[in-house]
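Take a look at the structure below.
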Amino acid sequence: MRKYIALASSQMKLEMAYAAWYWASMFSVTMRLFILYFFWSAVYENKAEVSGIGLSTMLTYVVLATMIDQFRGGAGRELAQLIKQGGVAIELLRPYHLLDKLFAQDIGTKTSVFFRATMPLVIMSYFVFELDGPVSRSAGVAFIISLIFAVLLATAIDLLIGTLAFWTVNIWGLAVLQEALITILSGAIVPIVLFPEWFQEASRYMPFASLVYVPVGIYTGQIGGNGIMSSIMIQSGWVVLFFLATRWIYSIAVRKVTVFGG
Amino acid sequence: MGRPILEVRNLVKNYQILEREPGLKGAVKALFKRTYRQKEAVRGINLDIQAGERVGYIGFNGAGKSTTIKMLAGVLKPDGGSVTVDGRDPHRERIENAKRIGAVFGQRTQLFWDIPVQESFSLLKEIYQIEDAEYAETLQLFTRELELQPLLDIPVRQLSLGQKMRCELAASFLHRPRIVYLDEPTIGLDIDIKETIRAFIREISEEWGTTVILTTHDLQDIESVCDRVIVLDDGRIIYDDQIRTLKETFSNERTLEVTLEPHRLFVLPETLKNRVQLLESGADDMTILAFDQRQITSGQLIREIVSHNTIQDVSVVVPKMESLIRKIYRKGA
């Protein structure tokens with residue numbers, strides 16, 4: 160266990176190794192928040208609500224979605240890099256499971272994201288834009304739980320795509336496709352309730368809504384009552400499913416590793 | 046001798062290579078129809094290596110050296126045959142095996158690019174679960190032997206190649222592994238650093254009884270570090286013996302380099318024709334002869350040559366490892 164903690168903390172050091180990048184990314188996420196704020200304020204200029212959602216709910220939604228979106232993936236890309244550039248040879252010499260190592264590092268990265276992106280967003284949101292709090296105290300607690308599952312699921316999906324690099328070598332195309340799908344289908348840009356009926360129905364059978372829509376929906380009250388419990392159950396189911404699938408695919412892949420570049 | 050620490054039996058590895066016609070047309074074609082060719086990188090290798098041995102593993106580029114090393118280290122799964130390291134299958138029990146081995150793959154770094162060397166080491170300490178006291182002692186030893194002190198606070202990306210390689214080497218020995226695989230650890234380094242690295246490998250291996258398997262293109266590395274040499278060609282072992290034996294086999298062989306006065310032609314006396322071999326003649330007025338001391342002494346040979354030629358310079362050369370190995374290649378091929 161200690162080695163994984165060490166890996167996570169060293170990853171945090173890595174995240175802070177480049178000061179300019181660190182501050183620039185903090186700045187850019189804040190800028191993004193401003194843009195979203197003014198965009199939606201303009202949309203609501205002549206309307207009280209869109210599909211039954213008022214401005215303040217919508218703003219709360221997009222701000223939280225932006226916040227959660229920052230936690231998306233990284234471990235999978237790292238894995239794909241390792242495979243493509245042959246670094247996987249070094250990793251396989253180490254006394255750890257590569258997936259566990261990547262996961263530990265991912266926790267490090269995401270802890271760093273929390274301080275670099277989440278904190279500034281939260282502070283800005285409450286003090287500058289005066290966003291709504293969670294609909295109830297219990298919704299707040301459920302939101303945190305759901306958020307953790309969402310972050311884990313994002314990592315798991317990303318790792319799964321990364322594992323495919325053992326076969327395809329270059330996963331750039333897949334990664335872009337994944338990005339696009341997730342950005343739209345997770346509700347990271349607009350809430351899923353704004354999509355057509357059939358799509359909302361279909362999204363219940365896909366993992367994407369669990370990434371953003373579920374935690375934010377719980378916070379804003381769009382998901383309430385029994386929906387909270389079942390949504391979180393579905394989220395955790397996806398997390399388990401994706402982690403198991405990734406491990407299984409990885410165990411097959413390791414048998415056919417080829418190391419590039421000698 | 047007890048049971049070997051490393052046993053290799055009929056080891057085989059094949060690669061699939063994508064066949065692609067040249068040019069843009071070939072590239073487009075390969076998008077739709079992929080044809081593969083089998084390349085047999087390693088074809089049936091047998092090895093027994095005792096604990097504490099230092100083995101040089103050499104061969105031309107593409108002979109299968111790195112592939113073998115990666116199978117021994119458990120990174121690649123063999124297509125046939127078996128590897129046993131300390132009683133374990135290194136691929137199936139990869140993690141257990143990994144605790145007991147170290148490696149330098151000369152062209153890749155195992156240090157963390159963005160953080161100082163010291164941090165990389167302390168991360169390795171946690172990964173290999175090295176005791177505090179042992180870690181401190183080892184690090185102190187390595188810092189002295191490899192002159193690491195000024196490097197410890199520098200991020201790896203800012204190190205020169207020589208500095209980086211010293212750190213890599215320290216990293217691979219840090220957890221006191223039973224076996225260390227060194228794949229071209231001296232590639233691209235200057236003489237001074239090569240010397241430091243060789244001395245380090247030799248001393249540490251002697252002190253801890255570490256088994257070392259070293260691939261290199263610099264035979265000086267082998268001569269100064271190893272006590273056994275294995276020559277690989279086209280996926281097969283063509284020579285495997287103690288360096289001492291190798292040298293003894295060829296110990297009576299010499300070459301004579303003769304430089305004539307300008308514009309003279311070399312004349313080989315009739316009496317010598319059966320006893321010496323003309324290796325090279327003509328270029329830059331330099332002539333090279335190979336002979337065996339048991340058949341003719343250097344003195345006799347020179348006397349004969351001088352009496353038939355007008356000579357500017359002459360020297361007797363004791364063959365180096367390099368020419369011995371070249372001989373093996375010629376025989377093996």
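Sequences listed follow chains A and B, in order. Under my numbering, the first residue of the first sequence is numbered 160, with each subsequent residue one higher. Under my numbering, the first residue of the second sequence is numbered 46, with each subsequent residue one higher. Even glycine gets a Cβ: it sits at the ideal position worked out from N, Cα and C. The structure presented is a predicted model; accordingly, all values stated were derived computationally and were not measured.
*How about B/R65 and A/I249: do their beta carbons lie closer than 7 Å?*
For the purposes of this step, residue 65 of chain B is taken as residue 20 along the second sequence, with counting starting at 1. For the purposes of this step, residue 249 of chain A is taken as residue 90 along the first sequence, with counting starting at 1. No, Cβ-Cβ distance for B/R65 and A/I249 is not below 7 Å.
*Counting contacts by CB-CB distance shorter than 7 Å, is B/R153 in contact with chain A?*
Locating residue 153 of chain B in the second sequence gives position 108, counting from the first residue. It does; some Cβ of chain A falls within 7 Å.
*Rounded straight-line distance, which links the Cα of A/K172 to that of A/T225*: Position 66 of the first sequence holds residue 225 of chain A. Position 13 of the first sequence holds residue 172 of chain A. If you take the alpha carbons of A/T225 and A/K172, they lie about 24 Å apart.
*In chain B, what lies closer than 9 Å to A/Y255 by C-beta?*
Mapped onto the first sequence, residue 255 of chain A falls at position 96. Result: I140, A143 and I172.
*Whose Cβ in chain B lies nearer than 7 Å to the Cβ of A/I249?*
In the first sequence, the residue the question calls residue 249 of chain A occupies position 90. Correct list: F150, R153 and Q155.
_Among B/Q61, B/N91, B/G68 and B/Y102, the one whose alpha carbon lies nearest that of B/Q83_ = The sequence position of residue 83 of chain B within the second sequence is 38, counting from 1. B/Q83 has its Cα closest to that of B/Q61, out of B/Q61, B/N91, B/G68 and B/Y102.
*DSSP three-state call for A/N385: helix, strand or coil?*
The residue given as residue 385 of chain A occupies position 226 in the first sequence. If DSSP states are grouped into helix, strand and coil, A/N385 belongs with the helices.
*asked:* With H, G and I counted as helix, E and B as strand and the rest as coil, what does DSSP make of A/G420?
replied: Position 261 of the first sequence, counted from the first residue, corresponds to residue 420 of chain A. Any answer about A/G420 is weak, because its pLDDT of 47 lies below 50 and its placement is not dependable; what the coordinates show is given next. Coil at A/G420, not helix or strand.
*Answer with buried or exposed for B/Q98, where buried requires no fewer than 16 other C-beta atoms within 10 angstroms of its C-beta.*
Position 53 of the second sequence, counted from the start, is the residue given in the question as residue 98 of chain B. Just to set this straight, residue 98 of chain B is Glu in the shown sequence, not Gln. Result: buried.
*the region 225-251 of chain A: which residues have C-beta closer than 7 Å to a C-beta of chain B, in chain order?*
G245, G246, A248, I249 and L251
*Is the region 313-322 of chain B touching the region 330-337 of chain B, taking contact as three or more C-beta pairs under 8 Å?*
yes
*Over what stretch of residues does the beta strand (DSSP E) that includes B/N142 continue unbroken?*
Stepping through the second sequence from its first residue, residue 142 of chain B is reached at position 97. Element bounds for B/N142: not the beta strand (DSSP E) but the alpha helix (DSSP H), R139 to A143.
*Determine the direct distance from the alpha carbon of A/P374 to that of A/S215, and round the result to whole angstroms.*
The residue given as residue 215 of chain A occupies position 56 in the first sequence. The residue given as residue 374 of chain A occupies position 215 in the first sequence. Cα to Cα, A/S215 sits roughly 17 Å from A/P374.
*Touch test, the region 285-300 of chain A against the region 376-384 of chain A, Cβ-Cβ under 8 Å, three pairs minimum*: yes
*Work out the CA separation of B/T304 and B/R243 for me, nearest whole Å.*
Counted from its first residue, the second sequence places residue 243 of chain B at position 198. Counted from its first residue, the second sequence places residue 304 of chain B at position 259. For B/R243 and B/T304, the distance between alpha carbons rounds to 36 Å.
*Kindly say whether A/K269, judged by its beta-carbon, lies nearer than 7 Å to any beta-carbon of chain B.*
Along the first sequence, read from residue 1 onward, the residue named residue 269 of chain A stands at position 110. So no, A/K269 is outside the interface.
*With distances taken between CB atoms, is the gap from B/A86 to B/G233 smaller than 7 Å?*
For this step, residue 86 of chain B is matched to residue 41 along the second sequence. For this step, residue 233 of chain B is matched to residue 188 along the second sequence. Cβ distance not < 7 Å, so B/A86 and B/G233 don't count as in contact.
_If we define contact as Cβ-Cβ less than 7 Å, is B/I175 a contact residue for chain A?_
For the purposes of this step, residue 175 of chain B is identified with residue 130 of the second sequence, where counting begins at 1. So no, B/I175 is outside the interface.
*Cβ contact (3+ pairs, closer than 8 Å) linking the region 133-141 of chain B and the region 250-268 of chain A*: yes
*Chain-ordered chain B contacts of A/V335 [CB-CB under 8 Å]*: Counting from 1 along the first sequence, the entry for residue 335 of chain A is found at position 176. Here the premise fails: no neighbours, minimum Cβ distance about 18 Å.
*Which residues DSSP lists as bridging B/Q83, in chain order*: To locate residue 83 of chain B, count along the second sequence from 1; it is residue 38. Beta-bridge pairing links B/Q83 to B/Q61.
*Nearest CA to the CA of B/A108: which residue from B/D278, B/H220 and B/Q208?*
Position 63 of the second sequence, counted from the first residue, corresponds to residue 108 of chain B. Taking only the C-alpha atoms, the option nearest B/A108 is B/D278.
*Output the distance between the C-alpha atoms of B/E298 and B/T290, rounded to the nearest integer angstrom.*
Position 253 of the second sequence holds residue 298 of chain B. Position 245 of the second sequence holds residue 290 of chain B. Taking the straight line from one Cα to the other gives about 14 Å.
_Within chain B, the residues that A/L319 reaches when beta carbons sit closer than 8 Å_ = As a position in the first sequence, residue 319 of chain A is number 160, starting the count at 1. Ordered by position in chain B, no residue passes the 8 Å Cβ test against A/L319, which lies about 21 Å from the chain.
*What number of angstroms, rounded off, separates the C-alpha of B/K122 from the C-alpha of B/P135?*
Counted from its first residue, the second sequence places residue 122 of chain B at position 77. Counted from its first residue, the second sequence places residue 135 of chain B at position 90. One C-alpha to the other measures close to 9 Å.
*Please state if the CB of B/G101 and the CB of B/E229 are separated by a distance shorter than 7 Å.*
Position 184 of the second sequence, counted from the start, is the residue given in the question as residue 229 of chain B. Position 56 of the second sequence, counted from the start, is the residue given in the question as residue 101 of chain B. No, the pair does not count as a contact, with Cβ atoms beyond the cut-off.
*Can the beta-carbon of B/L169 be found less than 7 Å from the beta-carbon of B/L219?*
If you number the second sequence from 1, residue 169 of chain B lands on position 124. If you number the second sequence from 1, residue 219 of chain B lands on position 174. Their beta carbons are under 7 Å apart, which means B/L169 touches B/L219 by this criterion.
*Considering only the beta carbon of each residue, do A/V150 and A/L290 sit closer than 7 Å?*
Shown here, chain A extends from 160 to 421; a query on residue 150 of chain A therefore has no answer.
*6 Å CB neighbourhood of A/M160 in its chain, flanking five on each side removed*: Mapped onto the first sequence, residue 160 of chain A falls at position 1. Here the set comprises nothing.
_Beta-bridge partners of B/T332, as assigned by DSSP_ = Translated into the one-based positions of the second sequence, residue 332 of chain B becomes position 287. B/V303, per the DSSP bridge assignment.
_Can you find the residues in the same chain that come closer than 6 Å, C-beta to C-beta, to B/G147, ignoring five residues on each side of it along the sequence?_
The sequence position of residue 147 of chain B within the second sequence is 102, counting from 1. S217, F218, P222 and V225.
_According to DSSP, residues forming a beta bridge with B/F150_ = Numbered from 1 along the second sequence, position 105 holds the residue referred to as residue 150 of chain B. Partner(s): B/D228.
*For A/T270 and A/S187, the rounded distance between their alpha carbons*: Along the first sequence, one-based indexing puts residue 187 of chain A at 28. Along the first sequence, one-based indexing puts residue 270 of chain A at 111. For A/S187 and A/T270, the distance between alpha carbons rounds to 18 Å.
*asked:* If distances are taken between C-alpha atoms only, which option among B/W253, B/I350, B/V363 and B/L92 comes closest to B/E293?
replied: The sequence position of residue 293 of chain B within the second sequence is 248, counting from 1. Closest by alpha carbon: B/V363.
*Sort out for me which residues DSSP pairs B/D93 with in a bridge.*
Walking along the second sequence from the start, residue 93 of chain B turns up at place 48. B/E52.
_Every unbroken alpha helix (DSSP H) within the region 262-292 of chain B, with a cutoff of 4 residues, ordered by chain_ = 264-270
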